[in-house]
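Take the sequence shown: its letters are residues 878 to 1223, numbered as in our numbering.
Every residue, glycine too, gets a C-beta built ideally from N, C-alpha and C.
In what follows, a single structure is set out as structure tokens and then discussed.
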Amino acid sequence: MSDTEAARCSAYWELQFTGDRRRARVPEGREKALDLRPQSVMAAAECRLLSGPEASAVLEAADTLLFDCDGVIWRGEAAIPGAAQLINRLQERGKRVLYMTNNSTKTRAMYTDKLRGLGFRAETQDVFATAFCSALYLQQKPAQRGKVYVLGAEAVSEELRSLGIACIGPGPDPLCGAMGDWAALPRDSDVGAVLVAFDPHFSYMKLVRAAAYLRDPGCRFLATNTDTRLPLEAGAAIPGTGCLVRAVEAAAQRTATVIGKPSAFMFRCAAERFGLDPARTIMVGDRLDTDILLGTNCGLRTILTLTGVSTLQEAESHRDSGEADRRRLVPDYYVHSVADLLPALD
Ligand SMILES: [Mg+2]
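Now the structure itself:
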């Protein structure tokens, strides 16, 4: 993609992200692309079962499909049956498939290995995970000066360092000293940002340190994502990153800038890299408040799959609520599993 095309694409989706996609403005020369969108896309999302000829038409009209991972193409360490065949078939049909996950515990390279191990075709550039996207944000908006204090896994610091951003923090930080000493814990004077991610070593000491850095109003405050539950296999779940973010926000009396879904920045990372047209992009996810809301925020067509967190009843309840904010959580379509879309590609 040329610089001019990239700038045009960036301007395009910036305009698209004006809230309600039905009121989205379109720059000159792009109206024709929008005119091609079926009327159903322009109307309010209805959460209809996607099957038969309509499924073929919806997939045919898309250039790119963004897939969330947990609960969509895999659960834990096991692929959703038929998901790899679907994605490989989509790619054979010339569709671009990108993977977009809020999970910050792995680098892009680790996700690529996992995808390939489960039978998916994937290149590292196809993966947009919050550890990497946080590093991109810190590199671009504007370039981070000084170190980043990371509450997160080693994968986060690895992605930061890969873009030349220094960081400290991952690993255990047990209680030390007496309570009277904690307000004066030694601080690294070079820290200019705090990034909260999924941190299995989260501790009171880390909370104290993060709050101390954030007392400086010039210290940036980011969070990879705000999912409060991290689903595991067989319906189990553990507290997610959002719980840690809320603790740090409460301690610092500040609000974090969120990188992951439903923030439009996550889509922007992919849109700028590949020149995506929102009108010809589908978001496939299992969560209404992250995946589907991202799609609504960015003017994408959305498909909810029922193999993960959110239920059809929740989606229908939002649809029938009559409340504008809840309607933004309603997908255009749902499927019981992404594998149900396979016949649409025959
Ligand atoms: Mg998910």
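Could you give the residue range of the alpha helix (DSSP H) that holds Thr1173?
Here the alpha helix (DSSP H) through Thr1173 covers Leu1170 to Cys1175.
Taking the alpha-carbon of Gly1162 as reference, which of Ala939, Ile950 and Pro930 has the nearest alpha-carbon?
Cα-wise, what sits closest to Gly1162 is Ile950.
Kindly confirm or deny that the segment 1017-1026 and the segment 963-980 touch, where touching means at least three C-beta pairs closer than 8 Å.
Result no; under three Cβ-Cβ pairs closer than 8 Å.
Start and end of the alpha helix (DSSP H) containing Gly1119?
Note, Gly1119: alpha helix (DSSP H), Thr1118 to Ala1129.
State buried or exposed for His1195, treating a residue as buried only when at least 16 other CB atoms are found within 10 Å of its CB.
With 16 or more other Cβ atoms within 10 Å, it is buried.
In the segment 1061-1145, which residue ranges form an unbroken beta strand (DSSP E) of at least 3 residues, counting only runs that do not cross its ends?
Listed in chain order, they are 1068-1073, 1097-1100, 1106-1108 and 1114-1116.
Let me confirm a value: Thr1132 is counted as buried when at least 16 other C-beta atoms fall within 10 Å, else exposed. Which label applies?
With fewer than 16 other Cβ atoms within 10 Å, it is exposed.
Residue range of the beta strand (DSSP E) that Arg1204 falls in?
From DSSP, Arg1204 is part of no beta strand (DSSP E) but of the alpha helix (DSSP H) over Ala1201 to Arg1204.
Could you tell me whether any non-hydrogen atom of ligand 1 is closer than 7 Å to the CB of Arg1164?
Yes, Cβ of Arg1164 sits closer than 7 Å to a heavy atom of ligand 1.
How about Gly1117 and Ala1074: do their beta carbons lie closer than 8 Å?
Going by C-beta atoms, Gly1117 is not nearer than 8 Å to Ala1074.
Terminal residues of the continuous beta strand (DSSP E) containing Ile1180?
Here the beta strand (DSSP E) through Ile1180 covers Arg1178 to Thr1182.
Would Leu1121 pass as an interface residue toward chain D - the criterion being a Cβ-Cβ separation below 8 Å?
Included in the structure is just one protein chain, with no chain D present.
At what residues does the beta strand (DSSP E) containing Ile1159 begin and finish?
Where Ile1159 is concerned, the enclosing beta strand (DSSP E) stretches over Thr1158 to Gly1162.
Any idea if Ala1192 is buried or exposed, counting beta-carbon neighbours within 10 angstroms, 16 or more meaning buried?
Ala1192 should be labelled buried.
Is Gly948 near ligand 1, in the sense that its beta carbon is under 7 Å from a heavy atom of that ligand?
Checking the Cβ of Gly948 against ligand 1 gives yes.
According to DSSP, what are the bridge partners of Arg973?
Paired residue(s): Thr941.
Do Gly1041 and Val1186 have their C-beta atoms closer together than 8 Å?
No, they are not a contact pair.
Any idea which residues DSSP pairs Phe1005 with across the strands?
Paired residues: Met977.
Helix, strand or coil: which one does DSSP assign to Leu1153?
Three-state DSSP puts Leu1153 in coil, outside helix and strand.
With a threshold of 7 Å on Cβ separation, who are the neighbours of Pro1208 within its own chain once the five nearest residues in sequence on each side are excluded?
Closer than 7 Å at the Cβ level, and outside the excluded window around Pro1208, lie Ala922, Cys924, Ile1169, Thr1179, Ile1180, Leu1181 and Ala1192.
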